[in-house]
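If you read the sequence shown in full-length UniProt numbering, its first letter stands for residue 1, the second for the next number, and so on.
First comes the structure, then the notes that go with it.
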Amino acid sequence: MAQKFYTRLTKIGQAKYANAKGVGEQINMTQMVVGDANGRQLTPDQVQQQEAMINQVRVGPINHAYKDADNPNWLVLEQILPPAVGGWTIREVGIYDDQGDLVAYGNYPETYKPILDEGSSRTSTVRFVLMVSDTSAVTLKIDPSVVLATRQYVDDRDAEHAKSRNHPDADTKNKGFARYATLAESKKGEESKAAQTPAGGKAQLDDHRTEKEAHKAGQIALTEALEKFAGAGTVQAVLAMLGTGALKNIGNAAGELLSVGDFGVGISPSQRPCHDIDALDLLGRYYARGDWDEYKGDHPFNGGYALDVIAKGSNNITQTARVDYAEGFAQRVYNNGWRAWEYFAGVTGAFGSTGSGSITIPYYDGKTRRKLIIQMFQRVVGGPGTNLHDVASRYFNYPIAFPSRCHKLLVEPLDDPDSAVEGSEMSSALESYGRASGSVKLTRVRGSNTSGTETLILDCLAIGE
């Protein structure tokens, strides 16, 4: 079938096109014109001769221009005719450049464009296809503020946009497209417009773990205040308060810090017993209980005690046993065999400035611990109108009750009796009683003065256990 409809560059259009290709310029096509050709339907031959519009009816901007997808040398130009324009039949079309010259012309299938006043109207699209050998020499200028778009065009562009990556970028306030940061960007931490991936986060943490100064001690805060480090708010502050002991290793060698339990320090007696005392040659503290049946070896006491062992070598060992620090201790040494225990007593108590008071001297009778108690005190007896014979029925307490018995009581008057006879009788009576066995808690003082005029101050010394 012979071609009925034809478009071409006009002579001026051909000249501009040739010049554009030669000097590297472009033809700027800006407007499309339609006409009714005064009612004639042009043939292709007539189109070849036509250099101007026969009867243009409307000039408007190009709404859409693109290269044909199947024919890369085809330029497709479109113009939208809105419902308000019309009342004529389209038979010819043309293209103006930005200088107002008609650079392309062609005939068009006879198409009537109605208007609303005629009772019917529609939006029409006029499509102009121009074939050129080099489309780069043609620039299609479209003013988006004045052009209209077809529904199909809008749908196509919308679908194309939805599939494209031409969307606004997301930010901290708005949704949008976001690019994932590379591992290098994640580690560097300077990219503010890229999203973090799990792999990037892991890479950051891995690098963080290997950094020597990930967090300095002065930056790490304590979870809560420590009572023993008052005022310290960071790890660095706590370290500054630690003494030299914090620099020592834990152990039982020279220069090391003992841990709880080393050498019996800080543990209960049952955790470090001394059943077989002759076999204990390791430095430390050991414990014996009086209710144990499995005692072995030469124990210093029959009851419970604490034992300290000092070892200066396998043949130089000292054992020191104590029941009470105030009551003395027992000690023996090992030198090619255990020697006998030696017992050392401790003394407690004191005499005051007036001579009154007491001292307790522990001693050992074999392995039995005893206490020797010596006490001095004063007592006043008699007085005006008192018969000293009545004193014989009086008792007075020792300052300290002897737990067992009183071995010796010495009593001496501190003032003179009324007569030599009276004094002799009193002294004889007191001396005689001092040699007798004393009461456990009371001393009875006797006298023979009957005149009732004497007051006696007695200075007493008692020895017992």
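Virtual Cβ for every residue (Gly too), placed ideally from N, Cα, C.
If you draw a straight line from the alpha carbon of leucine 461 to that of threonine 360, how long is it in whole angstroms? As a working note, residue 461 is residue 461 in the sequence shown. As a working note, residue 360 is residue 360 in the sequence shown. Their Cα atoms are separated by approximately 14 Å.
Identity of the residue in Trp341, Gly328, Val34, Trp74 nearest threonine 348 by Cα: In the sequence shown, residue 348 corresponds to position 348, counting from 1. Of Trp341, Gly328, Val34, Trp74, the residue nearest in Cα terms is Gly328.
Taking the alpha carbon of aspartate 308 as the reference point, which residue from Arg91, Met376, Val47, Leu280 has its own alpha carbon closest? Residue mapping note: residue 308 aligns to position 308 of the sequence shown, counting from 1. Ranking the options by Cα distance to aspartate 308, first place goes to Leu280.
Counted within 10 angstroms of its Cβ, other Cβ atoms place threonine 210 as buried (16 or more) or exposed: Numbered from its first residue, the sequence shown carries residue 210 at position 210. That one is exposed.
What are the residues that DSSP puts in a beta bridge with tryptophan 341? Counting from one through the sequence shown, the residue named residue 341 turns up at place 341. Its beta-bridge partners do not exist; DSSP assigns none.
Run through the DSSP bridge pairs and tell me what proline 362 is partnered with. Position 362 of the sequence shown, counting from 1, holds the residue named residue 362. Per DSSP, Lys371.
Following the continuous alpha helix (DSSP H) through glutamate 191, name the residue where it begins and the one where it ends. Against the sequence shown, residue 191 aligns to sequence position 191. From DSSP, glutamate 191 is part of no alpha helix (DSSP H); its letter is neither H nor E.
Backbone CA spacing between tyrosine 433 and aspartate 365 [nearest angstrom]: Position 433 of the sequence shown, counted from the start, is the residue given in the question as residue 433. Position 365 of the sequence shown, counted from the start, is the residue given in the question as residue 365. Legend: pLDDT at tyrosine 433 = 41, less than 50; position of this residue unreliable, value from coordinates given subsequently. The straight-line gap from Cα to Cα measures roughly 29 Å.
Cross-strand partners of glycine 349 (DSSP beta bridge): Position 349 of the sequence shown holds residue 349. Looking at the DSSP assignment, glycine 349 forms a beta bridge with Ile359.
Report the three-state DSSP secondary structure of valine 440 (helix, strand or coil). As a position in the sequence shown, residue 440 is number 440, starting the count at 1. Low per-residue confidence applies at valine 440: pLDDT is 34, beneath 50, and the placement is therefore not dependable, though the value from the model is reported in the following sentence. Of the three classes helix, strand and coil, the one that applies to valine 440 here is coil, per DSSP.
Own chain, CB closer than 7 Å to glutamine 196, minus 5 neighbours either side, in chain order: Here the question's residue 196 lines up with position 196 in the sequence shown. Once the five neighbours on either side are set aside, the close Cβ partners of glutamine 196 are Ala181, Ser186.
Roughly how far, in whole angstroms, is the beta-carbon of alanine 84 from the beta-carbon of leucine 42, given that I think they are within contact range, below 8 Å? Locating residue 84 in the sequence shown gives position 84, counting from the first residue. Locating residue 42 in the sequence shown gives position 42, counting from the first residue. That pair is no contact at about 27 Å.
Do you know offhand how far arginine 405's Cα is from glutamate 465's? For the purposes of this step, residue 405 is taken as residue 405 along the sequence shown, with counting starting at 1. For the purposes of this step, residue 465 is taken as residue 465 along the sequence shown, with counting starting at 1. One C-alpha to the other measures close to 6 Å.
CA-to-CA distance, arginine 165 to aspartate 171, given in whole angstroms: Sequence index remark: in the sequence shown, residue 171 carries index 171 (1-based). Sequence index remark: in the sequence shown, residue 165 carries index 165 (1-based). Straight-line Cα distance between these residues: approximately 16 Å.
Restricting to Cα atoms, I'd like to know which of Ala401, Ala254, Trp338, Arg58 is closest to glutamine 31. Counting from one through the sequence shown, the residue named residue 31 turns up at place 31. Here the closest residue by C-alpha is Arg58.
Looking at the secondary structure, which residues open and close the alpha helix (DSSP H) in which methionine 241 lies? Counting from one through the sequence shown, the residue named residue 241 turns up at place 241. Its alpha helix (DSSP H) spans residues 235-241.
Which residue from Val129, Val23, Val333 puts its Cα closest to that of glycine 313? Here residue 313 refers to the residue found at position 313 when the sequence shown is read from its first residue. That would be Val333, whose Cα lies nearest to the Cα of glycine 313.
Hey, out of Glu227, Leu282, Gly24, Phe5, whose CA is closest to glutamate 92's CA? The sequence position of residue 92 within the sequence shown is 92, counting from 1. Of Glu227, Leu282, Gly24, Phe5, the residue nearest in Cα terms is Phe5.
Assigned secondary structure, alanine 178 (DSSP; H/G/I helix, E/B strand, else coil): Residue numbering aside, residue 178 sits at position 178 when the sequence shown is read from its first letter. Note: alanine 178 maps to coil in three-state DSSP.
Let me know the secondary structure DSSP gives arginine 127 once reduced to three states. The count along the sequence shown starts at 1 and reaches residue 127 at position 127. Looking at arginine 127 - three-state DSSP - the assignment turns out to be strand.
Taking the alpha-carbon positions, what's the tyrosine 96 to valine 47 distance? As a first step, residue 96 is located in the sequence shown; it is residue number 96 there, counting from the start. As a first step, residue 47 is located in the sequence shown; it is residue number 47 there, counting from the start. Tyrosine 96 and valine 47: Cα-Cα distance of roughly 16 Å.
For my contact list, arginine 127 and glutamate 191 are in at a C-beta cut-off of 8 Å; report their separation, rounded to the angstrom. Along the sequence shown, one-based indexing puts residue 127 at 127. Along the sequence shown, one-based indexing puts residue 191 at 191. Incorrect: roughly 46 Å between the Cβ atoms, too far for contact.
Among the residues of its own chain, which have a CB less than 7 Å from the CB of tyrosine 275, if the five just before and after it don't count? The count along the sequence shown starts at 1 and reaches residue 275 at position 275. Contrary to the premise, residue 275 reads as histidine rather than tyrosine in this sequence. Excluding residues within five positions, the ones whose Cβ falls inside 7 Å are Trp292, Glu294, Tyr295, Lys296.
Nearest to phenylalanine 377 by alpha carbon, out of Thr125, Pro362, Ser358? What you label residue 377 is simply residue 377 of the sequence shown in a count that begins at 1. The residue with the shortest Cα to Cα distance from phenylalanine 377 is Ser358.
Say the cut is 6 Å; is the CB of proline 300 nearer than that to a heavy atom of the ligand FAD? The ligand FAD is not part of this structure, which contains no ligands at all.
What is the residue span of the alpha helix (DSSP H) that isoleucine 12 lies within? The residue given as residue 12 occupies position 12 in the sequence shown. Start and end: 11-23.
For proline 72 and lysine 188, what's the separation of their Cα atoms in angstroms? Stepping through the sequence shown from its first residue, residue 72 is reached at position 72. Stepping through the sequence shown from its first residue, residue 188 is reached at position 188. Their backbone Cα atoms lie some 46 Å apart in a straight line.
Curious, which full-length alpha helix (DSSP H) runs of at least 4 residues does the segment 277-321 contain? none
Helix, strand or coil at phenylalanine 229 [DSSP, three-state]: The count along the sequence shown starts at 1 and reaches residue 229 at position 229. Here phenylalanine 229 sits in helix by DSSP.
Less than 8 Å between the CB atoms is what I'm expecting for valine 103 and threonine 7, so what's the real figure, rounded? Translated into the one-based positions of the sequence shown, residue 103 becomes position 103. Translated into the one-based positions of the sequence shown, residue 7 becomes position 7. Valine 103 to threonine 7, Cβ: 11 Å. No contact.
What residues match up with glycine 218 in a beta bridge as DSSP calls it? Within the sequence shown, residue 218 is the residue found at index 218, counting from 1. According to DSSP, glycine 218 bridges with nothing at all.
Among Leu282, Phe229, Val129, the one whose alpha carbon lies nearest that of tyrosine 66: Walking along the sequence shown from the start, residue 66 turns up at place 66. When each option's Cα is compared against that of tyrosine 66, the closest is Val129.
Nearest to isoleucine 62 (by Cα), restricted to the options Ala69, His167, Ala401, Val76: Taking the sequence shown and counting its residues from 1, the one referred to as residue 62 is at position 62. Closest option to isoleucine 62, Cα to Cα, is Val76.
Cβ-based burial, residue 472 [other Cβ within 10 Å; buried from 16]: Outside the displayed span of the chain (1 to 465) sits residue 472, for which this structure offers no information.
Helix, strand or coil for leucine 461, going by three-state DSSP, please let me know. Residue numbering aside, residue 461 sits at position 461 when the sequence shown is read from its first letter. Three-state DSSP puts leucine 461 in a strand.
Secondary structure of glutamate 51, DSSP reduced to three states: Numbered from its first residue, the sequence shown carries residue 51 at position 51. Looking at glutamate 51 - three-state DSSP - the assignment turns out to be coil, as it is neither helix nor strand.
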